[in-house]
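Q:
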Amino acid sequence: MTDSLLMEKIVSLAKRRGFIFPGSEIYGGLAGIYDYGPLGVELRHNIKQHFWNRFIAERDDVYGMSAAILMPARVWEASGHTESFADPLVECRVCHGRFRADQPTDISAHEEWHKHKKEKAEWTQPTIFNLLVQTQLGAKEKLENIQQSAVYLRGEITQGVQVNFKNILDSMHPKLPFGIGQIGKAFRNEIAPRDFLFRQREFEQMELQYYIRPDEAEGKKQFEYWKQFAFDWYQSLGIQKDHLRLRQHAEDERAHYAKDAWDIEYNSPMGWKEAWGIHHRGDWDLRRHQEYSGVSMEYTDSDTGGKMLPWDIECSGGVDRAVLFTLLDAYREDELNKEVRSYLALAPKIASVKAMVSPLLKNKPKLVEKAHEVHAALKKVHSAIAWDDNGNIGKRYRRQDEIGTPFCITIDFDTLGETSELKDTVTLRHRDTGEQERLTIPEAAERIRLAIQ
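So for the sequence shown, this note's numbering puts the first residue at 391; every next one is plus one.
#1: Quick check: the Cα distance between I799 and D791, rounded to an integer number of angstroms?
#2: Cβ atoms of W616 and I849: under 7 Å apart, would you say?
#3: Along the beta strand (DSSP E) that carries M596, what are the first and last residues, could you check?
#4: Under the three-state reduction of DSSP, which class applies to V709: helix, strand or coil?
#5: Can you name, in chain order, every residue of its own chain whose Cβ lies under 6 Å from the Cβ of F621, other than the five neighbours on each side?
#6: What first and last residue would you give for the alpha helix (DSSP H) that runs through R722?
#7: Pick out the complete beta strand (DSSP E) segments inside the stretch 442–518, 3 residues or longer, and give them in chain order.
#8: Determine, using beta-carbon pairs with one atom in the stretch 561–578 and one in the stretch 448–459, whether at least three such pairs fall under 8 Å.
#9: Distance check for V758 and T795, CA to CA, integer angstroms please.
#10: For E546, which of helix, strand or coil comes out of DSSP?
#11: Is L636 helix, strand or coil when you go by DSSP?
#12: Suppose the cutoff is 6 Å on Cβ atoms and the five residues either side in sequence are ignored; what does the same chain contact list for P428 look like?
#13: In whole angstroms, what is the alpha-carbon distance linking D496 and F489?
#14: Going by CA-CA distance only, name the one from A737, M698 and Q595 that's closest to Q843.
#15: In this structure, does DSSP put I740 in helix, strand or coil?
#16: How big is the Cα-Cα spacing for N557 and L717?
#17: By alpha-carbon positions, which one of A745, I801, L751 and N657 ends up nearest to L396?
#18: Using a Cβ-Cβ cutoff of less than 8 Å, which residues in the same chain neighbour I629 once the five nearest sequence positions on both sides are dropped?
#19: Report yes if the C-beta distance between V743 and A712 is below 7 Å; otherwise report no.
#20: Are V484 and E467 closer than 7 Å when you measure CB to CB?
#21: Can you tell me which of the three DSSP states K663 falls into?
#22: Where does Y647 sit, in a helix, a strand or coil, going by DSSP?
#23: Is DSSP giving M562 helix, strand or coil here?
#24: K438 and I602 - do their beta-carbons sit closer together than 7 Å?
#25: Can you tell me whether DSSP reads P412 as helix, strand or coil?
#26: Just to confirm the assignment, what range does the beta strand (DSSP E) spanning Y424 have?
#27: Spell out a yes or no on whether the stretch 604–616 and the stretch 582–596 are touching, meaning 3 or more CB-CB pairs, one atom from each, closer than 8 Å.
#28: In the structure shown, what three-state DSSP assignment does L829 receive?
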């Protein structure tokens, strides 16, 4: 299967099966904006919950928080974003299409498009285009006051943690090293949003800022620890190890705040693309906010009384990119029972639906009644248990395969006691192999529990 065909199939499946829709589609939509449907929002929630558990809830040295989306312009001046959060922009003089000047593949593709039309693309000189999305708050009577009310939708969620660093110190009294994690929306006025969920204008991030003593040896140790921790976490989404790699940023590639930076990259249909970033931010953010706000961001050592500005090791990843890469990596096609099928080999713990319960025949009241009983019992324990009685059993299996449901449980006449020794047993079908086994209802529940833990 070609890379472009794989992406087309994922985009089609995502819409057809209720994972992801183009935003405001009935009005023509907006580039780089997507809505999550019933199955997509569950998959995204499960990925976020997996992050929250591993990076925050299961640790004693990390606190969670949720910062506001709207922030004053002064925050972004301090962080360096109003000056440095920008991409080089060029415009085609022929068709007025706009592109990032630092993306030669996009430029070449556009020039080829014009060649097919027997035209030659001509470009403007690059200009710097800031990616922050600006708006105003409050009612201003005079136009000259509007700029004074300017605020930005956050371009990254990091700054919400940095400006609250003193509040965390004063309320939680942590000892170094410690972390602050959060999940939230961010916004970037991308010049050319593209590649489905990969580059959007509204997206969600999951991040950890881990604060340490300003010491080179400690910095190196913590950076290596979190780099491996993040890599292992990404694999735990069910992504194949040989589809991931770690790559260090060249010195001229690093963000303005980074002492060192590495990406976890995924081998996607678009090539190796960033999935996650690990950045050594040093004391850049705390120092700048201390300078611009006039409020001390220093940490006081409770043992020695010494004051210091901690260094920050950042783990940062896009939720939407994790959804995209998970879908791409999970997509399979094979032949089962002499029929070609497609399915998502999602890790059970992040699958939108954990199991489907179905009566063998929906026109047999006793089968339906028993199936509802089993469905209700399992849903109390696992919640993400689906009911499906639409079409014949084979079509139900194919439908559940395509959305990545790990198990299908069928209630048949043996469940009702037609074969006495099989009474109150069910058929449990495995998604990846299509194999079935006969289990008691408690055994089936336990099989699901073990798979998703």
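Glycine included, C-beta positions come from ideal geometry on N, C-alpha and C.
Keep in mind the model is a prediction, meaning the values are calculated, not measured.
A: Checking against the coordinates, here is how it stands:
#1: Against the sequence shown, residue 799 aligns to sequence position 409. Against the sequence shown, residue 791 aligns to sequence position 401. Taking the straight line from one Cα to the other gives about 13 Å.
#2: In this structure the chain extends from 391 to 843, so residue 849 is not present and cannot be described.
#3: The sequence position of residue 596 within the sequence shown is 206, counting from 1. Run containing M596: E592 to I602, per the beta strand (DSSP E) assignment.
#4: By 1-based counting over the sequence shown, the position of residue 709 is 319. Shown here, V709 sits in a helix according to DSSP, grouped into three states.
#5: Translated into positions along the sequence shown, residue 621 becomes position 231. I654, listed in sequence order.
#6: Within the sequence shown, the letter at position 332 stands for residue 722. Taken as a continuous stretch (DSSP letters only), R722 belongs to no alpha helix (DSSP H), being part of the beta strand (DSSP E) at Y721 to L726.
#7: Whole beta strand (DSSP E) segments, 3+ residues: 452–454, 460–462, 476–481 and 488–490.
#8: yes
#9: As a first step, residue 795 is located in the sequence shown; it is residue number 405 there, counting from the start. As a first step, residue 758 is located in the sequence shown; it is residue number 368 there, counting from the start. Going from the Cα of T795 to the Cα of V758 covers about 21 Å.
#10: Sequence index remark: in the sequence shown, residue 546 carries index 156 (1-based). E546 falls in the coil class under three-state DSSP.
#11: Position 246 of the sequence shown, counted from the start, is the residue given in the question as residue 636. If DSSP states are grouped into helix, strand and coil, L636 belongs with the strands.
#12: Stepping through the sequence shown from its first residue, residue 428 is reached at position 38. Result list for P428: G408, in chain order.
#13: Reading the sequence shown from its first residue, position 106 is the one you call residue 496. Reading the sequence shown from its first residue, position 99 is the one you call residue 489. When only Cα atoms are considered, D496 and F489 end up about 7 Å apart.
#14: Position 453 of the sequence shown, counted from the start, is the residue given in the question as residue 843. Measuring from the Cα of Q843, the nearest candidate turns out to be A737.
#15: Counted from its first residue, the sequence shown places residue 740 at position 350. Three-state DSSP puts I740 in coil, outside helix and strand.
#16: For the purposes of this step, residue 557 is taken as the residue at position 167 of the sequence shown. For the purposes of this step, residue 717 is taken as the residue at position 327 of the sequence shown. Distance between the alpha carbons of N557 and L717 is about 39 Å.
#17: Within the sequence shown, numbered from 1, the residue matching residue 396 stands at position 6. The residue with the shortest Cα to Cα distance from L396 is N657.
#18: Here residue 629 is taken as the residue at index 239 of the sequence shown, counted from 1. The residues are Y656, F715, T716 and D719.
#19: Here the question's residue 743 lines up with position 353 in the sequence shown. Here the question's residue 712 lines up with position 322 in the sequence shown. Cβ atoms of V743 and A712: not closer than 7 Å.
#20: Position 94 of the sequence shown, counting from 1, holds the residue named residue 484. Position 77 of the sequence shown, counting from 1, holds the residue named residue 467. Taking 7 Å as the Cβ cut-off, V484 and E467 do not qualify as a contacting pair.
#21: Working through the sequence shown from its first residue, we reach residue 663 at position 273. Looking at K663 - three-state DSSP - the assignment turns out to be strand.
#22: Numbered from its first residue, the sequence shown carries residue 647 at position 257. In this structure, Y647 counts as coil in the three-state DSSP scheme.
#23: Counting from one through the sequence shown, the residue named residue 562 turns up at place 172. Looking at M562 - three-state DSSP - the assignment turns out to be helix.
#24: On the sequence shown, position 212 is the one that residue 602 refers to. On the sequence shown, position 48 is the one that residue 438 refers to. Contact: no.
#25: Within the sequence shown, numbered from 1, the residue matching residue 412 stands at position 22. Strand at P412.
#26: For the purposes of this step, residue 424 is taken as residue 34 along the sequence shown, with counting starting at 1. Per DSSP, Y424 belongs to the beta strand (DSSP E) from Y424 to Y426.
#27: no
#28: Position 439 of the sequence shown, counting from 1, holds the residue named residue 829. L829 falls in the strand class under three-state DSSP.
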